[in-house]
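Protein chains in written order, with our numbering: chain C, 54 to 462; chain B, 54 to 462. Beta carbons are placed, not taken as given, at the ideal position from N, Cα and C, and that holds for glycine.
Protein chains: 2
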Amino acid sequence: MANVSEDFLRLQSGYLFPEVARRIRIWQEKNPGESVKKLSIGNTTEAITPGIAAAMKRKIDLLTDRATYTGYGDEQGDTPLREALSLHYSREYGVSLPPSAFFVSDGAKSDAANIQSIFSRSSIPAIQDPAYPVYVDSNVAGGHTGEYGSHQGGYSGIVYMRADASNGFVAEPPKEHADLIYLCFPNNPTGAVATKEQLKAFVDYAHRERAIIIFDSAYTDYIETEGIPHSIYEIEGAEDCAIEIGSFSKNAGFTGVRLGWTIVPETIASDNAPTGTVHRLWNRRQCTFFNGASNVSQAGGLAALSEEGRKECASLVTYYKENARIILSGMKAAGLECYGGIDSPYIWTVCPSGMSSWEFFDFLLEKCHVAVTPGSGFGSAGEGYVRISAYGHREDIEDAVSSIKEKLR
Amino acid sequence: MANVSEDFLRLQSGYLFPEVARRIRIWQEKNPGESVKKLSIGNTTEAITPGIAAAMKRKIDLLTDRATYTGYGDEQGDTPLREALSLHYSREYGVSLPPSAFFVSDGAKSDAANIQSIFSRSSIPAIQDPAYPVYVDSNVAGGHTGEYGSHQGGYSGIVYMRADASNGFVAEPPKEHADLIYLCFPNNPTGAVATKEQLKAFVDYAHRERAIIIFDSAYTDYIETEGIPHSIYEIEGAEDCAIEIGSFSKNAGFTGVRLGWTIVPETIASDNAPTGTVHRLWNRRQCTFFNGASNVSQAGGLAALSEEGRKECASLVTYYKENARIILSGMKAAGLECYGGIDSPYIWTVCPSGMSSWEFFDFLLEKCHVAVTPGSGFGSAGEGYVRISAYGHREDIEDAVSSIKEKLR
Numbered sequence: 054m055a056n057v058s059e060d061f062l063r064l065q066s067g068y069l070f071p072e073v074a075r076r077i078r079i080w081q082e083k084n085p086g087e088s089v090k091k092l093s094i095g096n097t098t099e100a101i102t103p104g105i106a107a108a109m110k111r112k113i114d115l116l117t118d119r120a121t122y123t124g125y126g127d128e129q130g131d132t133p134l135r136e137a138l139s140l141h142y143s144r145e146y147g148v149s150l151p152p153s154a155f156f157v158s159d160g161a162k163s164d165a166a167n168i169q170s171i172f173s174r175s176s177i178p179a180i181q182d183p184a185y186p187v188y189v190d191s192n193v194a195g196g197h198t199g200e201y202g203s204h205q206g207g208y209s210g211i212v213y214m215r216a217d218a219s220n221g222f223v224a225e226p227p228k229e230h231a232d233l234i235y236l237c238f239p240n241n242p243t244g245a246v247a248t249k250e251q252l253k254a255f256v257d258y259a260h261r262e263r264a265i266i267i268f269d270s271a272y273t274d275y276i277e278t279e280g281i282p283h284s285i286y287e288i289e290g291a292e293d294c295a296i297e298i299g300s301f302s303k304n305a306g307f308t309g310v311r312l313g314w315t316i317v318p319e320t321i322a323s324d325n326a327p328t329g330t331v332h333r334l335w336n337r338r339q340c341t342f343f344n345g346a347s348n349v350s351q352a353g354g355l356a357a358l359s360e361e362g363r364k365e366c367a368s369l370v371t372y373y374k375e376n377a378r379i380i381l382s383g384m385k386a387a388g389l390e391c392y393g394g395i396d397s398p399y400i401w402t403v404c405p406s407g408m409s410s411w412e413f414f415d416f417l418l419e420k421c422h423v424a425v426t427p428g429s430g431f432g433s434a435g436e437g438y439v440r441i442s443a444y445g446h447r448e449d450i451e452d453a454v455s456s457i458k459e460k461l462r
Numbered sequence: 054m055a056n057v058s059e060d061f062l063r064l065q066s067g068y069l070f071p072e073v074a075r076r077i078r079i080w081q082e083k084n085p086g087e088s089v090k091k092l093s094i095g096n097t098t099e100a101i102t103p104g105i106a107a108a109m110k111r112k113i114d115l116l117t118d119r120a121t122y123t124g125y126g127d128e129q130g131d132t133p134l135r136e137a138l139s140l141h142y143s144r145e146y147g148v149s150l151p152p153s154a155f156f157v158s159d160g161a162k163s164d165a166a167n168i169q170s171i172f173s174r175s176s177i178p179a180i181q182d183p184a185y186p187v188y189v190d191s192n193v194a195g196g197h198t199g200e201y202g203s204h205q206g207g208y209s210g211i212v213y214m215r216a217d218a219s220n221g222f223v224a225e226p227p228k229e230h231a232d233l234i235y236l237c238f239p240n241n242p243t244g245a246v247a248t249k250e251q252l253k254a255f256v257d258y259a260h261r262e263r264a265i266i267i268f269d270s271a272y273t274d275y276i277e278t279e280g281i282p283h284s285i286y287e288i289e290g291a292e293d294c295a296i297e298i299g300s301f302s303k304n305a306g307f308t309g310v311r312l313g314w315t316i317v318p319e320t321i322a323s324d325n326a327p328t329g330t331v332h333r334l335w336n337r338r339q340c341t342f343f344n345g346a347s348n349v350s351q352a353g354g355l356a357a358l359s360e361e362g363r364k365e366c367a368s369l370v371t372y373y374k375e376n377a378r379i380i381l382s383g384m385k386a387a388g389l390e391c392y393g394g395i396d397s398p399y400i401w402t403v404c405p406s407g408m409s410s411w412e413f414f415d416f417l418l419e420k421c422h423v424a425v426t427p428g429s430g431f432g433s434a435g436e437g438y439v440r441i442s443a444y445g446h447r448e449d450i451e452d453a454v455s456s457i458k459e460k461l462r
């Protein structure tokens, strides 16, 4: 038979979240009748808001009338949605990007994983440790790395940028050369945000090393601290070295509806092809490997960017941020050392008593019936931490926090 | 800056359908007020049916209530949908496949393009000529081929299986070795179908050469001829060497709603890893590069597989098949030599008077205001043909057919 991909075979163990789900399932089988309070996955729990839902239903009505039915849309996304995204960036962030720079997709995860495919296999990725596992795994599967284990707890061929308490969980640009710099702020899993100066250091690095930044801004709407950039394009010079990935998941509650976008300006340069080629190849990638996001989801996304929709999204974000506040103060009251949770739905929590991430995970599951995400699943520098997620119903959050406070006292 | 992918740089020119769209746009700019009757893209035109639309709207209602809201679903698809697909295959085709073999996706195009990524770069693809361009382009972008031009009108490293009038547009298995065999029946673009014996020859080839078949069955509901297999799994032995890709696009009208599936049985073997690895790697690919299809689309897909939904889909298919009948008899009356159009929405038409595909395309656009798809866009063996698509409103189809008949007489 044909050989399977040697690159895929290099991938270690299961993907983090399915593994967490598996352990919860096993625990639930052993404890029938008990329920687990999940503060583990970054999964939204609150209802889609009225204006956005109405827009999606209206789109379905249009599809049931042959006069207004539409089939395939443009692979790059509907023009009104791309225009609305362009306007959104200009209005909210003071950033000027043409609609043609925006590629609408079925979500930030797909784009974050696929973006490496348009770069040479010889490209060296630089990834924060800890990080959202998709950056590492997609680079392994895409053939940009060597074997697992040669780097301590990681893959050879990846430049790991350690983010820990000593640097406020914002790594400095690496000393060595890299080609693809993955950044995510507000950060998943640490909840850290980067200042303008910190991001500028990366843009300067990209210019110096002729590298490209892949900036994941999925949680940008959670930023409340004054002066923290919401988009990488707020940094001068980013438009010729940075790709930005955005999402409707965490503000409009579209985790299941699926919608995101990626910004690839035509001004991005590359070494082995003329300026504009990165844009052209991403366009080619989307036209060949993708057929556009669902038209129903896109109708919802367009509504989410309207004035009314932005208010609805803000109410959802406010809800989850209040959850984060409750968790943060609760964990501190329980004597735990915590980071993040201010401009982010994630509370990055130090495991007490020298426990490992999975030990504390098991402790919280067994003793408190609370599921979190082991920090070590995000990289070796995440060992000794767990990520607590603010996604959940208020009552479950309060319940989980009480349970943890009670057992840890 | 980082280097872009050398594999992507190997891709020739624009993707076929955008190029057709571009030529139509240019023509329309030159001919304001005139309208083009599009028989070019395989894009559905008739309304989503009532039961399926109602199911999607019900899903949106569930999402607007926090008690029934759901966020991320399983990357593999919702369990009820996977179960319904399994039941559908068993009931309609007499094929027994567990729900776990079904991976729900945002469409057949994505899966057809992505499937190569889980196989070794050294895998040799065998692709019919002509073929849906995604098979070739994804293999080029995925690094499975050499340069363009070394094969006449094609890429080195691809085994082209010529399909022409001499073999009824169903190629025989190649004489040389190949690892990944792409088959699509009913065929896009030729409209040909394969008999059980013809498919069995490919399954035998796959067993002999230890190859894997990738069977695109997106048009299976268009089959009316008795005895023609609807699924590759109707052929004995296919379950250990064949992957099948299916779609809701052309039966439920989901081209814009986006929903499809891929079947990867655990029984598929590979050379460099234990049996089950192909299934495991596709699962890993979907969990890493994808986050599940839209839950609204999945609700529609589940409804489409119900008894009522199947009737609604059948009514849509019947409509387009009647269009195909009108085109087929019209083209024959116009003196054109045609193939397909019986078990398929596509009529594969020989260009008259020795015209090339693009010459006949331009002729039809200029003289008849009808857009078709140049056969040469599907591969060098498609030169001298155009693909006429039965997707369109009845009145436009009749109008286009009259216009062609009139100008060709």
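When you compare only the Cα positions, how much space is there between residue i and residue j?
{"i": "residue 108(C)", "j": "residue 153(C)", "result": "24 angstroms"}
{"i": "residue 285(B)", "j": "residue 434(C)", "result": "48 angstroms"}
{"i": "residue 186(C)", "j": "residue 62(C)", "result": "16 angstroms"}
{"i": "residue 296(C)", "j": "residue 149(C)", "result": "14 angstroms"}
{"i": "residue 266(B)", "j": "residue 137(B)", "result": "24 angstroms"}
{"i": "residue 110(C)", "j": "residue 156(B)", "result": "27 angstroms"}
{"i": "residue 164(C)", "j": "residue 427(B)", "result": "32 angstroms"}
{"i": "residue 263(C)", "j": "residue 126(B)", "result": "39 angstroms"}
{"i": "residue 273(B)", "j": "residue 142(B)", "result": "12 angstroms"}
{"i": "residue 122(B)", "j": "residue 372(C)", "result": "15 angstroms"}
Please check if any C-beta of chain C sits within less than 9 angstroms of the C-beta of residue i.
{"i": "residue 235(B)", "result": "no"}
{"i": "residue 214(B)", "result": "no"}
{"i": "residue 349(B)", "result": "yes"}
{"i": "residue 243(B)", "result": "no"}
{"i": "residue 463(B)", "result": "Here chain B comprises residues numbered 54 to 462, so residue 463(B) is not present and cannot be evaluated."}
{"i": "residue 159(B)", "result": "yes"}
{"i": "residue 432(B)", "result": "no"}
{"i": "residue 264(B)", "result": "yes"}
Taking Cβ positions only, does residue i come closer than 9 angstroms to chain B?
{"i": "residue 57(C)", "result": "yes"}
{"i": "residue 98(C)", "result": "yes"}
{"i": "residue 338(C)", "result": "yes"}
{"i": "residue 156(C)", "result": "no"}
{"i": "residue 109(C)", "result": "yes"}
{"i": "residue 198(C)", "result": "no"}
{"i": "residue 163(C)", "result": "yes"}
{"i": "residue 79(C)", "result": "no"}
{"i": "residue 102(C)", "result": "yes"}
{"i": "residue 94(C)", "result": "yes"}
How about residue i: is its Cβ closer than 8 angstroms to a heavy atom in the ligand MG?
{"i": "residue 206(C)", "result": "Although the ligand MG was asked about, the structure shown includes no ligands whatsoever."}
Less than 8 angstroms between C-beta atoms, sequence neighbours within five positions excluded: which residues of the same chain meet that for residue i?
{"i": "residue 445(B)", "result": "90, 91, 92, 98, 376, 453"}
{"i": "residue 277(C)", "result": "374, 395, 396"}
{"i": "residue 271(C)", "result": "161, 237, 241, 298, 299, 300, 302, 303, 313"}
{"i": "residue 417(B)", "result": "423, 424, 425, 439, 457"}
{"i": "residue 113(B)", "result": "349"}
Looking only at its chain, what residues have a beta carbon closer than 7 angstroms to the beta carbon of residue i, apart from the 5 residues adjacent to it on each side?
{"i": "residue 281(B)", "result": "246, 248, 396"}
{"i": "residue 379(B)", "result": "450, 451, 454"}
{"i": "residue 460(C)", "result": "420, 421"}
Stretch-stretch touch, CB-based, cutoff 8 angstroms, three pairs: the region 333 to 352 of chain B with the region 128 to 139 of chain B: yes
I'd like to know if the region 350 to 367 of chain B and the region 437 to 456 of chain B are in contact, where contact means that at least 3 CB-CB pairs between them fall below 8 angstroms. no
Please give me, in chain order, every unbroken run of the alpha helix (DSSP H) with length at least 4 that falls completely inside the region 92 to 179 of chain B. 103 to 116, 132 to 146, 161 to 167
With a floor of 4 residues, list each alpha helix (DSSP H) that falls wholly inside the region 345 to 369 of chain B, ordered by position along the chain. 348 to 357
Meets three-Cβ-pair contact criterion under 8 angstroms: the region 72 to 86 of chain C and the region 308 to 316 of chain C: no
Mind the definition here: the region 334 to 341 of chain C touches the region 387 to 394 of chain C only if three or more C-beta pairs lie below 8 angstroms; say whether that holds. no
In chain order, what are the residue ranges of uninterrupted beta strand (DSSP E) at least 3 long that sit wholly in the region 358 to 432 of chain B? 391 to 393, 399 to 403
Suppose only complete runs of 4+ residues qualify. What are the alpha helix (DSSP H) ranges in the region 257 to 341 of chain B, listed by chain order? 302 to 305
For the region 255 to 262 of chain B against the region 207 to 220 of chain B, do three or more pairs of beta-carbon atoms, one drawn from each stretch, fall closer than 8 angstroms, so that the two count as touching? no
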